[in-house]
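See structure below.
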Amino acid sequence: MNRLVPLALFVVVLTSGCTVPILGIDIPIPFLGGDVVEQDVNDVIVIRSLEAIPNEVDSGGVSRIVAGIENVGNRIIGGEEGVRVELFDYCEGLFTPKVIACPGGSVEGRAERQMILGEQESTVCILDKILPGEIVPVMWTVCQNRADPVKVRTVCPENGMKVLVRYKYDTNSVTTVSLISLSEMQRQMIERTYRPTNSYISVGTGPIKPYLTVEDMQPVPVFDIMPGHEITDPEGRVTSGTDPNVLNARTVLKLQLKNLGSGQLDTKVRGEGYSQPVIGILGSQIEVIGIGEPGDDLQPVKAEGDDITCIFDPGDAGIGPQSSENWNNKVIRFVGDESSPFHCQIDLSPLRGQVSMETTRLLRVNVKDYDYVITKSVLLTVNPKIAA
Numbered sequence: 001m002n003r004l005v006p007l008a009l010f011v012v013v014l015t016s017g018c019t020v021p022i023l024g025i026d027i028p029i030p031f032l033g034g035d036v037v038e039q040d041v042n043d044v045i046v047i048r049s050l051e052a053i054p055n056e057v058d059s060g061g062v063s064r065i066v067a068g069i070e071n072v073g074n075r076i077i078g079g080e081e082g083v084r085v086e087l088f089d090y091c092e093g094l095f096t097p098k099v100i101a102c103p104g105g106s107v108e109g110r111a112e113r114q115m116i117l118g119e120q121e122s123t124v125c126i127l128d129k130i131l132p133g134e135i136v137p138v139m140w141t142v143c144q145n146r147a148d149p150v151k152v153r154t155v156c157p158e159n160g161m162k163v164l165v166r167y168k169y170d171t172n173s174v175t176t177v178s179l180i181s182l183s184e185m186q187r188q189m190i191e192r193t194y195r196p197t198n199s200y201i202s203v204g205t206g207p208i209k210p211y212l213t214v215e216d217m218q219p220v221p222v223f224d225i226m227p228g229h230e231i232t233d234p235e236g237r238v239t240s241g242t243d244p245n246v247l248n249a250r251t252v253l254k255l256q257l258k259n260l261g262s263g264q265l266d267t268k269v270r271g272e273g274y275s276q277p278v279i280g281i282l283g284s285q286i287e288v289i290g291i292g293e294p295g296d297d298l299q300p301v302k303a304e305g306d307d308i309t310c311i312f313d314p315g316d317a318g319i320g321p322q323s324s325e326n327w328n329n330k331v332i333r334f335v336g337d338e339s340s341p342f343h344c345q346i347d348l349s350p351l352r353g354q355v356s357m358e359t360t361r362l363l364r365v366n367v368k369d370y371d372y373v374i375t376k377s378v379l380l381t382v383n384p385k386i387a388a
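My numbering numbers the first residue of the sequence shown as 1 and each following residue consecutively.
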């Protein structure tokens with residue numbers, strides 16, 4: 001990593017019987033554990049059941065596809081766009097589908113086929129909302145085309161007719177960061193009570209999970225290197241307390257998104273470097289707030305050296321000056337089930353007068369208005385009619 005290692009990494013040196021350069025105190029090395037992570041439900045909308053009734057029909061026959069759509073989350077799902085439930089990949093031409101049950105919603109047909117072929121075909125049910133714990137039954141009839149009777153036993157598609165559910169959601173997470181003042185760190189060092197701490201991370205409901213971690217050892221000091229002192233980092237670089245360009249009351253945050261649901265992200269965005277819409281999440285959809293004075297409204301986290309919202313960067317070293325517009329237009333894409341990690345170095349020096357001993361502050365992340373799709377399939381078999 002090409003960044004100055006923050007002071008917290010120097011204060012607790014990871015070798016036995018080390019001396020802290022500022023304080024001149026030998027300290028023991030405690031056992032270092034990991035962050036405590038708790039997370040809520042991943043899939044908030046599930047296809048609880050999907051049946052073909054009957055699951056075998058004769059040529060020219062009719063079956064019903066019945067899907068039970070459940071909200072297992074803790075808030076109403078729907079809103080302006082509703083919840084889209086669609087029968088797709090139903091072996092078009094062999095079957096003609098029609099929505100016959102869409103409780104509390106509206107039906108979308110395929111107008112082009114109705115105009116050209118005169119078929120009353122509809123595949124989409126838009127549910128206005130689904131309450132927490134509610135299971136909404138959506139039903140289609142699928143009629144095997146009598147004009148094209150099957151001659152042999154047929155399963156089409158071979159892996160089953162598919163039902164898709166598309167909904168919009170946002171997911172929040174909370175990360176704690178522990179801060180410490182110079183006087184309190186001195187006291188703990190002298191009394192040999194200093195112990196590194198870890199973050200508590202709680203991630204809310206939703207399939208796309210934001211994880212914000214504090215990359216430096218905690219508690220993070222909110223003081224600068226004292227004038228006249230020098231600290232040598234593990235790579236042999238010397239940092240002087242007389243260097244006006246060095247801010248040591250800082251830390252680095254890492255943000256990473258993970259898809260822990262059973263479906264796929266389906267948000268189409270157009271951002272920096274893309275001429276056509278792609279599947280991803282824009283930086284403008286991610287809000288990181290916190291650090292502020294207790295009792296105040298939480299404010300956007302500020303990047304070091306800039307009076308702007310923290311802009312995350314895929315590099316290890318943080319960002320340097322950029323405009324918030326650059327971050328807002330950045331497209332975050334997934335490789336497999338997770339995004340690349342993004343880093344931001346933040347300045348904690350404004351908190352010097354607010355941390356008299358040791359305190360814990362909250363960092364909150366909100367991933368807003370992303371679209372998510374889940375699917376499920378059911379087999380339907382068509383048998384040829386037995387000749388009389």
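Even for Gly, the Cβ is constructed at its ideal location relative to N, Cα and C.
Boundaries of the beta strand (DSSP E) in which residue i is found, first to last residue
i, result
"Ser461", "The chain is shown from 1 up to 388; residue 461 falls before or after that span and cannot be answered."
"Glu56", "56-58"
"Ile126", "122-130"
"Gly82", "77-88"
"Leu257", "250-259"
"Pro277", "Looking at the DSSP string, Pro277 is not in any beta strand (DSSP E), and its letter there is neither H nor E."
"Glu287", "286-290"
"Lys330", "Element bounds for Lys330: n/a, residue is neither H nor E."
"Val214", "208-214"
"Pro137", "135-144"
"Gln39", "36-39"
"Val46", "45-53"
"Val165", "161-180"
"Ser202", "200-203"
For residue i, three-class secondary structure by DSSP
i, result
"Ser377", "strand"
"Arg390", "Limits of the chain in this structure are 1 at one end and 388 at the other, which puts residue 390 out of reach."
"Asn383", "strand"
"Asp369", "strand"
"Leu348", "coil"
"Gly105", "strand"
"Leu94", "coil"
"Ile27", "Per-residue confidence for Ile27 stands at a pLDDT of 36, beneath the threshold of 50, marking its modelled position as unreliable; no derived number is given."
Alpha-carbon spacing of residue i relative to residue j, whole angstroms
i, j, result
"Leu351", "Val177", "13 angstroms"
"Tyr370", "Val107", "23 angstroms"
"Gly68", "Glu51", "9 angstroms"
"Val365", "Asp43", "19 angstroms"
"Ile332", "Lys385", "53 angstroms"
"Pro54", "Arg84", "25 angstroms"
"Leu247", "Ser339", "Because Leu247 carries a pLDDT of 46, less than 50, the predicted location of this residue cannot be relied on, and the following value inherits that uncertainty. Using only the alpha carbons, I get a separation of about 30 angstroms."
"Ala101", "Pro137", "7 angstroms"
"Leu379", "Val37", "40 angstroms"
"Asn198", "Ile286", "24 angstroms"
"Glu184", "Asp216", "18 angstroms"
"Phe342", "Lys330", "11 angstroms"
"Val66", "Glu56", "14 angstroms"
"Tyr194", "Leu348", "21 angstroms"
"Leu94", "Arg146", "9 angstroms"
"Asn383", "Glu86", "26 angstroms"
"Val220", "Asp35", "15 angstroms"
"Ile281", "Asp266", "9 angstroms"
"Cys91", "Ile47", "21 angstroms"
"Gly105", "Gln345", "47 angstroms"
"Val152", "Glu158", "14 angstroms"
"Ser284", "Gly82", "23 angstroms"
"Leu164", "Thr175", "34 angstroms"
"Val155", "Tyr372", "29 angstroms"
"Gly204", "Thr171", "6 angstroms"
"Leu260", "Ile190", "45 angstroms"
"Ile180", "Ser173", "23 angstroms"
Environment of residue i [buried if 16+ CB atoms lie within 10 Å]
i, result
"Asn71", "buried"
"Gly263", "buried"
"Glu88", "For clarity, residue 88 is Phe in the given sequence; the question names Glu instead. Burial call: exposed."
"Ser275", "exposed"
"Pro149", "exposed"
"Ile400", "Any question about residue 400 goes unanswered here, given that the chain covers just 1 to 388."
"Pro97", "buried"
"Arg166", "buried"
"Gly24", "Note that Gly24 has pLDDT 37, beneath the 50 cutoff, so the model's placement of it is unreliable and the number below is only indicative. By the 10 Å Cβ count, Gly24 comes out exposed."
"Ser323", "With a pLDDT of 44 at Ser323, under the threshold of 50, the predicted position of this residue should be treated as unreliable, though the coordinate-derived value follows. Its Cβ having fewer than 16 others within 10 Å, Ser323 is exposed."
"Lys268", "exposed"
"Glu336", "The sequence as given places Gly at residue 336; Glu does not occur at that position. Classification of Gly336: exposed, given that the 10 Å Cβ count is below 16."
Contact with chain B by residue i, beta-carbon distance below 8 angstroms
i, result
"Ser199", "Looking for chain B here will not work: only one protein chain is present."
> Is there contact between the region 352-362 and the region 121-136, where contact requires at least three CB pairs shorter than 8 angstroms?
Replying inline: Contact between the region 352-362 and the region 121-136 is absent, with fewer than three C-beta pairs closer than 8 angstroms.
Practice problem: Count the CB pairs spanning the region 130-149 and the region 358-372 that are closer than 8 angstroms, and state whether there are at least three. | Solution: Contact between the region 130-149 and the region 358-372 is absent, because fewer than three Cβ pairs lie under 8 angstroms.
**Request:** Kindly confirm or deny that the region 127-135 and the region 62-77 touch, where touching means at least three C-beta pairs closer than 8 angstroms.
**Result:** Touching, yes, given that three or more Cβ pairs across the two stretches are closer than 8 angstroms.
- prompt: Touching or not, the region 246-260 and the region 209-216, by the rule of three or more beta carbon pairs under 8 angstroms?
  reply: These segments touch.
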